[in-house]
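Participant: One structure follows; several queries about it will come next.
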Amino acid sequence: MGEIRIRPMTAEDYDSVHALWMTIRGFGIRSIDDSRQDIERFLRRNPSTSVVAEDEDTGRIVGAILCGHDGRQGCFYHVCVEENYRRRRIGTRMAAFCMEALRREKINRVTLIAFTRNDVGNAFWKQIGWTFRGDCNYYDFPLNRENITRFVGTAEADRK
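Residue numbers (the working numbering): 0 to 159.
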């Protein structure tokens with residue numbers, strides 16, 4: 000494992016990032032939102048805020064965060080680091096990169112959603128100082144029923 004370079008994500012990174020997502024157990028991939036077309040649209044809307052971590056020896060992408068904002072608050076999506084590369088501060092460095100990009104765009108707050116069963120992710124966010132919000136509920140309403148979530152490497156995914 001070589002030095003890890005943190006850099007902005009580009010549309011050209013899609014295949015490598017998607018391949019990484021497919022290795023993350025329990026990761027939820029949406030059929031439309033996570034397609035090449037929709038990720039490229041997200042990156043055009045947020046050209047400087049998403050990030051990848053790249054192993055300089057191999058050129059492989061070993062971490063990624065989709066990060067965007069609506070002009071008021073930022074949000075992290077699909078935060079991941081390849082299992083063999085964890086505990087090397089890669090996630091912390093990527094989060095810092097994204098938060099600084101949001102600050103440059105005058106965004107003062109960032110949020111994320113972590114599944115309750117994601118023990119590794121929840122422990123990570125608490126460890127680096129994020130605040131757990133127990134005072135609000137998260138709701139969603141699917142506008143497109145064809146945008147199905149598939150969970151990678153779980154019993155649920157294996158049944159489908």
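Glycine included, every Cβ here is placed at the ideal spot set by N, Cα and C.
With a floor of 4 residues, list each alpha helix (DSSP H) that falls wholly inside the region 45-115, ordered by position along the chain.
Facilitator: 89-103
Participant: Just the C-alpha distance for residue 60 and residue 144, rounded to the nearest angstrom, thanks.
Facilitator: Walking along the sequence shown from the start, residue 60 turns up at place 61. Walking along the sequence shown from the start, residue 144 turns up at place 145. If you take the alpha carbons of residue 60 and residue 144, they lie about 31 Å apart.
Participant: Considering only C-alpha positions, which residue in the set 31, 18, 5, 16 is nearest to residue 142?
Facilitator: Counting from 1 along the sequence shown, the entry for residue 142 is found at position 143. If we check each option's Cα against that of residue 142, 31 comes out closest.
Participant: For residue 110, which residues in the same chain have their Cβ closer than 8 Å to its Cβ, ignoring the five residues on either side in sequence?
Facilitator: On the sequence shown, residue 110 is found 111 positions in, with the first residue counted as 1. These residues qualify, in order along the chain: 72, 73, 74, 75.
Participant: Let me confirm a value: residue 130 is counted as buried when at least 16 other C-beta atoms fall within 10 Å, else exposed. Which label applies?
Facilitator: For the purposes of this step, residue 130 is identified with residue 131 of the sequence shown, where counting begins at 1. By the 10 Å Cβ count, residue 130 comes out exposed.
Participant: Below 8 Å on the Cβ atoms is my guess for residue 13 versus residue 39; work out the distance and round it to an integer in Å.
Facilitator: Taking the first residue of the sequence shown as position 1, residue 13 is located at position 14. Taking the first residue of the sequence shown as position 1, residue 39 is located at position 40. Going by Cβ atoms, the distance from residue 13 to residue 39 rounds to 7 Å, so yes, they are a contact pair.
Participant: Measure the alpha-carbon distance for residue 103 versus residue 18 and round it to whole angstroms.
Facilitator: If you number the sequence shown from 1, residue 103 lands on position 104. If you number the sequence shown from 1, residue 18 lands on position 19. So the alpha carbons of these two residues sit roughly 30 Å apart.
Participant: Near residue 97, which residues of its chain fall below 8 Å by C-beta distance, leaving aside the five closest residues on each side in sequence?
Facilitator: For the purposes of this step, residue 97 is taken as residue 98 along the sequence shown, with counting starting at 1. If we look at residue 97 and ignore the five residues flanking it on each side, its Cβ neighbours are 48, 49, 50, 64, 66, 73, 75, 109.
Participant: In or out: residue 155 buried (at least 16 other Cβ within 10 Å) or exposed?
Facilitator: Here residue 155 refers to the residue found at position 156 when the sequence shown is read from its first residue. Bear in mind that a pLDDT of 48 at residue 155, under 50, signals an unreliable position, so the model cannot answer this.
Participant: Which residues does DSSP list as the beta-bridge partners of residue 3?
Facilitator: Locating residue 3 in the sequence shown gives position 4, counting from the first residue. Answer is 54, bridged to residue 3.
Participant: If you draw a straight line from the alpha carbon of residue 128 to that of residue 45, how long is it in whole angstroms?
Facilitator: Here the question's residue 128 lines up with position 129 in the sequence shown. Here the question's residue 45 lines up with position 46 in the sequence shown. Cα-Cα distance, rounded: 25 Å.
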